[in-house]
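The structure appears below as structure tokens.
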Amino acid sequence: MKINNSEIIPVSEITPYETYMGRRDFIKAASAALMAAPFLSFNSEVSAATNASLLGYTKSPYGADEKLTSYNEVTNYNNYYEFGTSKSDPALESKGLVTHPWTVSIEGAVKKNKQINLDDLLKLAPLEERIYRMRCVEGWSMVIPWIGIPMSKLIQWAEPTSNAKFIEFVSLADQSQMPGVRTNILDWPYTEGLRMDEAMHPLTIIAVGLYGKLLPNQNGAPLRLVVPWKYGFKNAKSIVKIRFVESMPKTSWMKAGPKEYGFYANVNPMVDHPRWTQSTERRIGGGLFTPRIKTKLFNGYAEQVAHMYAGMDLVKNF
Ligand code: MTE
Numbered sequence: 023m024k025i026n027n028s029e030i031i032p033v034s035e036i037t038p039y040e041t042y043m044g045r046r047d048f049i050k051a052a053s054a055a056l057m058a059a060p061f062l063s064f065n066s067e068v069s070a071a072t073n074a075s076l077l078g079y080t081k082s083p084y085g086a087d088e089k090l091t092s093y094n095e096v097t098n099y100n101n102y103y104e105f106g107t108s109k110s111d112p113a114l115e116s117k118g119l120v121t122h123p124w125t126v127s128i129e130g131a132v133k134k135n136k137q138i139n140l141d142d143l144l145k146l147a148p149l150e151e152r153i154y155r156m157r158c159v160e161g162w163s164m165v166i167p168w169i170g171i172p173m174s175k176l177i178q179w180a181e182p183t184s185n186a187k188f189i190e191f192v193s194l195a196d197q198s199q200m201p202g203v204r205t206n207i208l209d210w211p212y213t214e215g216l217r218m219d220e221a222m223h224p225l226t227i228i229a230v231g232l233y234g235k236l237l238p239n240q241n242g243a244p245l246r247l248v249v250p251w252k253y254g255f256k257n258a259k260s261i262v263k264i265r266f267v268e269s270m271p272k273t274s275w276m277k278a279g280p281k282e283y284g285f286y287a288n289v290n291p292m293v294d295h296p297r298w299t300q301s302t303e304r305r306i307g308g309g310l311f312t313p314r315i316k317t318k319l320f321n322g323y324a325e326q327v328a329h330m331y332a333g334m335d336l337v338k339n340f
């Protein structure tokens, strides 16, 4: 298969699931060897070094057997308050966000503070595609083919000390590029957190792409957290700082509404949000009349993650 480095596949071409699957089938037929390592399509705006490191990705065993949400929906129905509060704001307002060069600071309970740039981060592990169900606290959900590396690889590289019990993830907050940051809708920078075992869990990834392409800005370019058994707000976008800490960090949403947004934020149909039910969800893209579907405990990933919460009161630790 020939790869045209400068070509970015038009959105319209990869929108329907059938087309996406069709292309994958085509690749499979064309070359079994290449099927093992499909390629992330290159982005002419990204540094040559970053492009060169995005050589390919493998499909992982974590693929969900579900209909994917279209590329169009995934990239035009977003929450990214730094660019505004309506679902269409991020795609419109984030176009100019500069995502290269990009450096992530590693701080706190680590052998020594250090920095890592995107190119070096991508060398920590081979890229994998992970098809994950994503459930937003607002009651909608999507199925997204992410591309990324396990978070555990970055944690190992960071060399945390035994004092590191939690990790705090801090997003970029740049007033000059992000109109939402000039308002006080949230306590900026956007901050999220995970317990160490949650961050180390093999399902937790740092995503750098989706649908075989580099992450669009509105989805958190150049790198964001993806934790599929938790509500969407845990998945901090455009991360610039990772702090290893001893006690549970206060996240932006916990500060905004402590009774509504807990630290754990595990998807749980039995624990309602104070203002609405969490027992069902609407899959984006199904149309207005599609019946809501039942939300599953831990977003359907209970088999893999429930052991981490054994003995915990999930109503108190929401
Ligand atoms: N990260 C930052 N920095 N700012 C945000 O507003 N929104 C969160 C999360 N990460 C948000 C963020 C919420 S509420 C959701 S549902 C997901 O991003 C949405 O990710 P998506 O737009 O890629 O689907």
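Residue numbers (this note's numbering): 23 to 340. For glycine and all other residues, C-beta sits at the position ideal for the given N, C-alpha and C. What you are looking at is a predicted structure, and each value in this text was computed from that prediction instead of being measured.
Going by the beta-carbon positions, is the gap between residue i and residue j smaller than 8 angstroms?
| i | j | result |
| --- | --- | --- |
| F191 | A258 | yes |
| G333 | F285 | no |
| K281 | S301 | no |
| N290 | L225 | no |
| A221 | I261 | no |
| T307 | S92 | It is worth fixing the name first, because residue 307 is Gly in this sequence and not Thr. Yes, the pair counts as a contact, with Cβ atoms nearer than the cut-off. |
| G106 | P201 | yes |
| P172 | I227 | yes |
| I166 | V267 | no |
| W251 | F320 | yes |
| L140 | L236 | no |
| L194 | A278 | no |
| T213 | T273 | yes |
| V327 | H223 | yes |
Since residue i and residue j should fall inside the 8 angstroms C-beta cutoff, what is the C-beta to C-beta distance between them, to a whole number of angstroms?
| i | j | result |
| --- | --- | --- |
| L62 | L149 | 7 angstroms |
| G341 | R265 | In the structure displayed, the chain extends from 23 to 340; residue 341 sits before or after that span and is not available. |
| G118 | Q197 | At roughly 13 angstroms, the Cβ-Cβ gap does not stay under 8 angstroms, so G118 and Q197 are not in contact. |
| M156 | G85 | No, M156 and G85 are not in contact; Cβ-Cβ is about 14 angstroms, not under 8 angstroms. |
| Q137 | V126 | 7 angstroms |
If you measure from the CB of residue i, is any heavy atom of the ligand MTE nearer than 7 angstroms?
| i | result |
| --- | --- |
| S260 | yes |
| E282 | no |
| E104 | yes |
| Y154 | no |
| Y331 | no |
| S193 | yes |
| G279 | no |
| G307 | no |
| G118 | no |
| Y286 | no |
| F255 | yes |
| G170 | no |
| G231 | no |
| L241 | A small fix is needed here, since residue 241 is Asn in this sequence, not Leu. Answer for N241: yes, Cβ within range of the ligand MTE. |
Apply the 10 Å Cβ neighbour rule to residue i and answer buried if 16 or more other Cβ atoms are within range, or exposed otherwise.
| i | result |
| --- | --- |
| K133 | exposed |
| K145 | exposed |
| M164 | buried |
| G231 | buried |
| P271 | buried |
| D219 | exposed |
| N135 | exposed |
| A59 | exposed |
| E325 | exposed |
| Y331 | buried |
| F188 | buried |
Count Cβ pairs between the stretch 294 to 309 and the stretch 157 to 171 that sit closer than 8 angstroms; are there 3 or more?
Yes, the stretch 294 to 309 is in contact with the stretch 157 to 171.
Does the stretch 236 to 244 come close enough to the stretch 91 to 107 that 3 or more CB-CB pairs lie under 8 angstroms?
yes
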